[in-house]
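Numbering (full-length UniProt numbering), first residue to last: 1 to 477.
Glycine included, every Cβ here is placed at the ideal spot set by N, Cα and C.
Quantities reported herein were computed from a predicted structural model and do not represent experimental measurements.
Written out below as structure tokens is the structure these notes cover.
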């Protein structure tokens, strides 16, 4: 691919000090991020920024899996770094931003770059995600509807679908990829921790692709009923879109005596419902025709994706040893540390089973991609270890779903029915990455998932421009 796609024609390589990578979402392409790119370059025109939008994972290639896409993109990034350095660019900083699925790919890329030593020469500055499903896209709940949707979703988007719906067994670890990526011992979390600024932007409403709870990494959703809350936007915005991350909403004071419903409220359809009727009428007519076509296309794309992944696994297009072997080595190192910790605890308790545990652990860890450590609260707080209900460190139990900083016990909002695995992911990311979480309150469009990054240059996406404006103001150059 031509490098001219990635840099302005008049950019002097000798002025480039800061590489910025933008990754698009599912079914996406780099054009979707042109508004972010242009806004960033306009705001920091003389700051030595070079924005790079990888091309190797666009369109249907996004079916192939977060890990496969990240390996493709990391190869592009490392090639671009070498190209710029060969031109004499004094690169010293790197930032990464991802939109939707691209945010998960970006997190995986961070782990690979960290392990490959890129951050030893380039200072990691900004990591940002926009409407990214950090906890997957499973619909919370146990009813027929959520279970049906979760089953169909995991079967229709190939490997990426399985990973986003948390049904995959990532490289024989016995854990979904997103759980591995949220493990505090992993390169993915350690790589993220090194960035100076880490932020997420999460749509509060009308994002049917990525709900608020998963993009905000939260076990509560205060925006379920907008009539019961008051929002608190940040100052200095033309439109009240980006909310205060420390105090985004408060409960609206309700009258002690409920006001009786008026005749209009009781018997007449509301204006909001009337406005939605045409949409649902069209949906009812189109859905029976569109569903079979979607399922046929999903089956075809899954087949094509499997072919691409097989070709990728042959290592002809990407140097897999550079990305896989170091991770296997890390797996063994962490496994050894785990065994040593278990041995120390057993010795302190006067047990005699240490050697058997150690031998089993070392024998089984040779081929694992990443280890399966015990719940992270037990690692960080040994005093709770002896009280664990399940002594098996590979078992995920409800003891790991303690409220995180985003959903403390004092929260006025009810906890969502997330799985223990998702709750553990929240805890891990809150405690070890420390994202700043910006709720994005876009109200004037039906599809906020596209508006949050102004995916196309529409006038109706004016609220999305408040998000990009805030992002570039906060951007560390």
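By the neighbour-count criterion, in which a residue is buried when 16 or more other Cβ atoms sit within 10 angstroms of its Cβ, residue 251 is exposed. DSSP, read as helix, strand or coil, puts residue 23 in strand.
In the three-state scheme derived from DSSP, where H, G and I count as helix and E and B as strand, residue 18 is classed as strand.
Annotation for residue 440: 201, 202, 203, 204, 241, 242, 452, 467 place their beta carbon closer than 7 Å to its own, counting only its chain and skipping 5 residues before and after. Across the structure, residue 472 and residue 292 are spaced so that their CA atoms are roughly 42 Å apart.
Residue 48 carries a coil assignment under DSSP once its states are collapsed to helix, strand and coil.
Apart from the 5 residues on each side of it in sequence, residue 47 sits with its Cβ closer than 6 Å to the Cβ of 477 in its chain, given in chain order.
Looking only at 207, 60, 69, the smallest Cα-Cα distance to residue 446 is reached by 207. Closest in alpha carbon position to residue 416, among 72, 59, 135, 247, is 135. For the 8 Å CB-CB criterion, residue 56 and residue 81 do not form a contact. Cβ-Cβ distances below 6 Å link residue 196 to 125, 476 in the same chain, with the five nearest sequence neighbours on each side left out; the list follows chain order.
Under the DSSP assignment, residue 197 falls in the beta strand (DSSP E) whose first and last residues are 197-203.
Partner residues in the beta bridge of residue 128, as assigned by DSSP, are 97, 199. Comparing C-alpha distances from residue 411 to each of 247, 239, 71 shows the shortest one belongs to 247.
For residue 443, no beta strand (DSSP E) encloses it, and the DSSP letter there is neither H nor E. The DSSP-derived three-state label of residue 254 is coil. Restricting attention to 244, 26, 60, 228, the CA atom closest to the CA of residue 234 is found in 244. Between the alpha carbons of residue 212 and residue 221 lies a distance of about 7 Å.
Collapsing the DSSP output to three states places residue 55 in coil. Segment contact: the region 457-466 against the region 154-172, fewer than three CB-CB distances shorter than 8 Å; contact not assigned.
In the three-state DSSP reduction, residue 77 falls in the helix class (H, G or I). Counting along the chain, residue 230 sits inside the beta strand (DSSP E) bounded by residues 229-231.
Across the set 432, 12, 443, 59, the C-alpha of 432 shows the shortest separation from the C-alpha of residue 186. Apart from the 5 residues on each side of it in sequence, residue 33 sits with its Cβ closer than 7 Å to the Cβ of 22, 24, 53, 99, 453 in its chain, given in chain order.
Remark: C-beta atoms of residue 154 and residue 165 approach each other more closely than 8 Å. Between residue 104 and residue 133, the C-beta gap is smaller than 8 Å, which places the two residues in contact. Contact annotation: residue 77 and residue 109 have beta-carbon atoms nearer than 8 Å.
Straight through space, the alpha carbons of residue 209 and residue 84 are spaced by roughly 36 Å. If you draw a 10 Å sphere on the C-beta of residue 147, you find fewer than 16 other C-beta atoms in it, and that means exposed.
The beta-bridge partner set that DSSP reports for residue 214 is empty. Around the CB of residue 179, 16 or more other CB atoms lie within 10 Å, so the residue is classed as buried. Judged by DSSP in its simplified three-state form, residue 435 adopts coil rather than helix or strand. If you look at residue 42, you'll find it in the alpha helix (DSSP H) that goes 34-43.
For residue 465, the enclosing alpha helix (DSSP H) has its first and last residue at 462-474. Non-local C-beta neighbours of residue 436 in its own chain, meaning closer than 6 Å and more than five positions away in sequence, comprise 199, 245, ordered along the chain. For residue 239, there is no enclosing alpha helix (DSSP H), as DSSP marks it with neither H nor E.
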